[in-house]
Amino acid sequence: METRHHDVIVLGAGVSGIYQIKRLADLGIDAIVLEADEDLGGTWYRNRYPGARFDSESYTYGYSFSKELLNEWHWKERFSSQPENLRYLNYVADKFDLRRHMRFDSRVESMTWHEDERRWHLELPHGESYTARFVVTGVGVLSVPTLPRYPGIDDFAGDSFHTYWWPKDPVPLRGRRVGVIGTGATGIQVIGDIAEKVDVLSVFQRRPNWTTPLNNSLISEQEMAEIRARYDEIFANCALSPGGFEHVPDRRGFWNLSKEQRIAFWDELYDKPGFAILAANFPEVFLDETANREMSEYVAGRIRGRVDDPRVAEKLIPRDHGFGMQRLPLETRYFEAYNRDNVHLVDLSATPIERITRSGIQTTAGHHDLDLIVYATGFDAITGAFDRMKIRGVDGRFLGDKWRDGPSTCLGIMTHGFPNLLMVAGPQSVSGSTNFPRAIEGGVDWVTGLLEHALECGHRRIEAQAEAEREWLEEVVRVQERLLLRRSKGWFTGYNANVDGHQQGQIRYQAYFGGAPRYKAFLEQEAADGYPRFDLS
Ligand code: NAP
Numbered sequence: 025m026e027t028r029h030h031d032v033i034v035l036g037a038g039v040s041g042i043y044q045i046k047r048l049a050d051l052g053i054d055a056i057v058l059e060a061d062e063d064l065g066g067t068w069y070r071n072r073y074p075g076a077r078f079d080s081e082s083y084t085y086g087y088s089f090s091k092e093l094l095n096e097w098h099w100k101e102r103f104s105s106q107p108e109n110l111r112y113l114n115y116v117a118d119k120f121d122l123r124r125h126m127r128f129d130s131r132v133e134s135m136t137w138h139e140d141e142r143r144w145h146l147e148l149p150h151g152e153s154y155t156a157r158f159v160v161t162g163v164g165v166l167s168v169p170t171l172p173r174y175p176g177i178d179d180f181a182g183d184s185f186h187t188y189w190w191p192k193d194p195v196p197l198r199g200r201r202v203g204v205i206g207t208g209a210t211g212i213q214v215i216g217d218i219a220e221k222v223d224v225l226s227v228f229q230r231r232p233n234w235t236t237p238l239n240n241s242l243i244s245e246q247e248m249a250e251i252r253a254r255y256d257e258i259f260a261n262c263a264l265s266p267g268g269f270e271h272v273p274d275r276r277g278f279w280n281l282s283k284e285q286r287i288a289f290w291d292e293l294y295d296k297p298g299f300a301i302l303a304a305n306f307p308e309v310f311l312d313e314t315a316n317r318e319m320s321e322y323v324a325g326r327i328r329g330r331v332d333d334p335r336v337a338e339k340l341i342p343r344d345h346g347f348g349m350q351r352l353p354l355e356t357r358y359f360e361a362y363n364r365d366n367v368h369l370v371d372l373s374a375t376p377i378e379r380i381t382r383s384g385i386q387t388t389a390g391h392h393d394l395d396l397i398v399y400a401t402g403f404d405a406i407t408g409a410f411d412r413m414k415i416r417g418v419d420g421r422f423l424g425d426k427w428r429d430g431p432s433t434c435l436g437i438m439t440h441g442f443p444n445l446l447m448v449a450g451p452q453s454v455s456g457s458t459n460f461p462r463a464i465e466g467g468v469d470w471v472t473g474l475l476e477h478a479l480e481c482g483h484r485r486i487e488a489q490a491e492a493e494r495e496w497l498e499e500v501v502r503v504q505e506r507l508l509l510r511r512s513k514g515w516f517t518g519y520n521a522n523v524d525g526h527q528q529g530q531i532r533y534q535a536y537f538g539g540a541p542r543y544k545a546f547l548e549q550e551a552a553d554g555y556p557r558f559d560l561s
């Protein structure tokens, strides 16, 4: 089969790949997108589970690059749901005629750098292959779902799905006995959504998560008109805030206020939409044990106030980590679900799962008969997609080996020994730690600038310097070590009990937690100085 060549190949037609190909197409660069799925959308193509929606304000999640697009699109809800989000991404792709650059059902299985040709060779199934001068990855930070390793998982006779692989056809819920394993952001969305639709809902919880209300609402025509008039200001605000949201941290000083004042403030934040309670809170909550304990106790009080059975309430309050130490899920009617007669909390810390059976789930306390099992058990986050692609760089070095104990990158964009491989939403960038589209727009623009520069100057090879990579890792470690989250057991720190090498106690520096403005300043300085951290030849 003939090998096809392009100057640039973009991997993934999700939020990042769509914008990346738009920029490259506008510049007239010979580029295509290879997408493993049968259509575009990435996260929003895959995660069709009930309750899936943004927890960034919709109008801060949309692309900012086109005034026309901003003026045309009406976000119907403050936190828009998956079907609408997928419609939006399709609308963008069609509006800018981007599909013609996309090749679907094109999963890259391996990629090898050929130094003599200064090219990447990409291998797909069935002998299909491509070569490219540059490869830009937009493979997502949460695109490799992971299942538990319980015995009998294939024996179950009913329906069972990881939330990522939720089917396109509607899954019947009424009259069914449903088990949900996992209480991260996904499980919390599913549980809140299906509690009243199913006959019986059994929630299998290993560790509870802190979670606070999403406070979603509809956006009227008039409010949308006001948002449109304010778009420049909205994006400017997002660019200034550490999390890439409109919410800004409260700098009055935790200790300068009385406890009553702090509680009054938290009462306000609890009722505000989205991540206000995280991003508009006092920074001390995330840096100082005592401040964090007080905040955690406040949120525990709210949980006790919402759950009728005190024994259930106590099981829903995390004890092993403080508020905001893991990625905060936002919820809708989550705690109220546990007040329903048809919803049961199964505490796996007391009665672990022994096996999946033909008819349900066996714990050490008994058997749960089920018709449907929902695995909301998370992802091999951030590096998982890279590990699975079998990427071989200079001298055949395997990227999975280089990153075995954790990723190491230069500015989250490139990694030494893997020339001409540019990562949008790469490990140790801010894409995993801040409002995703705001981060990737910056990443795409920067990568596009570097590619333009290289192509204009006739450079055929770009490689991150080893020393610059070491310095970036030091910066990544320094900012993470200041935060209380450094000790947490979540995907932010590379924890996943279902993936070898990612178990508890093996901290990986997966993302950059220095905030979006600081990260942007590093990137801008690098470009202004003529890319001193990179060897161009
Ligand atoms: P997650 O946060 O990693 O949660 C996975 C859950 O599954 C945890 O409760 C975990 O328990 C449990 N689990 C894993 N293996 C298990 C096992 N063998 N037995 C029992 N329980 C097991 O994954 P997620 O909920 O899919 O969320 C991942 C990220 O996706 C979020 O943090 C967020 O960034 C993103 N997300 C975003 C949205 C949104 O934007 N609205 C919605 C959903 C997800 P342990 O904690 O005990 O390991």
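Each residue of the sequence shown is one higher than the one before, counting from 25 in our numbering.
We put the beta carbon where it would ideally sit given N, CA and C, even for glycine.
Beta carbon of residue i nearer than 8 Å to that of residue j
{"i": "L148", "j": "S167", "result": "no"}
{"i": "H271", "j": "A315", "result": "no"}
{"i": "V471", "j": "V57", "result": "no"}
{"i": "P353", "j": "I218", "result": "no"}
{"i": "R326", "j": "A337", "result": "no"}
{"i": "Y536", "j": "V448", "result": "no"}
{"i": "G277", "j": "V163", "result": "no"}
{"i": "Y83", "j": "W99", "result": "yes"}
{"i": "Q106", "j": "A76", "result": "yes"}
{"i": "I53", "j": "A117", "result": "no"}
{"i": "R142", "j": "R421", "result": "no"}
{"i": "L113", "j": "L311", "result": "no"}
{"i": "F546", "j": "Q489", "result": "no"}
{"i": "E55", "j": "H30", "result": "Inspection of the sequence shows that residue 55 is occupied by Ala rather than by Glu. Yes, they are a contact pair."}
{"i": "F347", "j": "S320", "result": "yes"}
{"i": "P431", "j": "R532", "result": "yes"}
{"i": "E355", "j": "G216", "result": "yes"}
Cβ distance (whole Å) where residue i is taken to contact residue j below 8 Å
{"i": "A405", "j": "Q534", "result": "7 Å"}
{"i": "T381", "j": "D183", "result": "Not confirmed; about 15 Å, so no contact."}
{"i": "V214", "j": "A400", "result": "6 Å"}
{"i": "R505", "j": "G538", "result": "Checking the sequence, you will find Glu at residue 505 rather than Arg. Rounded, the Cβ-Cβ distance is 12 Å, inconsistent with contact."}
{"i": "F185", "j": "V32", "result": "With 8 Å as the limit, F185 and V32 do not qualify as a contact, their Cβ atoms being about 35 Å apart."}
{"i": "F299", "j": "D79", "result": "7 Å"}
{"i": "P451", "j": "T517", "result": "Going by Cβ atoms, the distance from P451 to T517 rounds to 12 Å, so no, they are not a contact pair."}
{"i": "I301", "j": "T236", "result": "5 Å"}
{"i": "Y87", "j": "P461", "result": "7 Å"}
{"i": "E220", "j": "R364", "result": "7 Å"}
{"i": "T71", "j": "W144", "result": "Just to set this straight, residue 71 is Asn in the shown sequence, not Thr. 29 Å between Cβ atoms; not a contact."}
{"i": "P273", "j": "N305", "result": "7 Å"}
{"i": "L23", "j": "V222", "result": "With the chain covering 25 to 561 only, the question about residue 23 has no answer from this structure."}
{"i": "I243", "j": "R102", "result": "6 Å"}
{"i": "L64", "j": "M126", "result": "6 Å"}
{"i": "A209", "j": "R351", "result": "7 Å"}
{"i": "V331", "j": "Y362", "result": "5 Å"}
{"i": "P169", "j": "F403", "result": "6 Å"}
{"i": "G456", "j": "V165", "result": "4 Å"}
Cross-strand partners of residue i (DSSP beta bridge)
{"i": "F422", "result": "R416"}
{"i": "F228", "result": "I205, V370"}
{"i": "R28", "result": "Y154"}
{"i": "P169", "result": "F403"}
{"i": "H138", "result": "R143"}
{"i": "H3", "result": "The displayed coordinates of the chain run from 25 to 561. Any statement about residue 3 would go beyond what the structure contains."}
{"i": "E101", "result": "L242"}
{"i": "T161", "result": "L35, M447"}
{"i": "L564", "result": "Outside the shown range of the chain (25 to 561) lies residue 564, about which nothing can therefore be said."}
{"i": "G384", "result": "D393"}
{"i": "A488", "result": "F558"}
{"i": "P237", "result": "E355"}
{"i": "F185", "result": "V398"}
{"i": "R379", "result": "Q386"}
{"i": "C262", "result": "BP columns for C262 are empty, so no partner."}
{"i": "C481", "result": "None, per the DSSP bridge assignment."}
{"i": "M438", "result": "C434"}
{"i": "R77", "result": "S105"}
- the segment 439-449 in contact with the segment 135-142 per 3-pair CB rule at 8 Å: yes
- Message: Does the structure place the segment 226-240 close enough to the segment 336-349 that three or more beta carbon pairs sit under 8 Å?
- Response: yes
- Query: Taking contact to mean at least 3 C-beta pairs separated by less than 8 Å, is the segment 39-48 in contact with the segment 459-468?
  - Reply: yes
- Can at least three beta-carbon pairs, one atom from the segment 186-206 and one from the segment 389-400, be found at a separation below 8 Å? yes
- Item | Touching by the beta-carbon criterion (3+ pairs, under 8 Å), the segment 365-382 and the segment 260-276 | no
- Message: Using a Cβ distance threshold of 8 Å, determine whether the segment 245-255 contacts the segment 277-284, with at least three qualifying pairs required.
- Response: no
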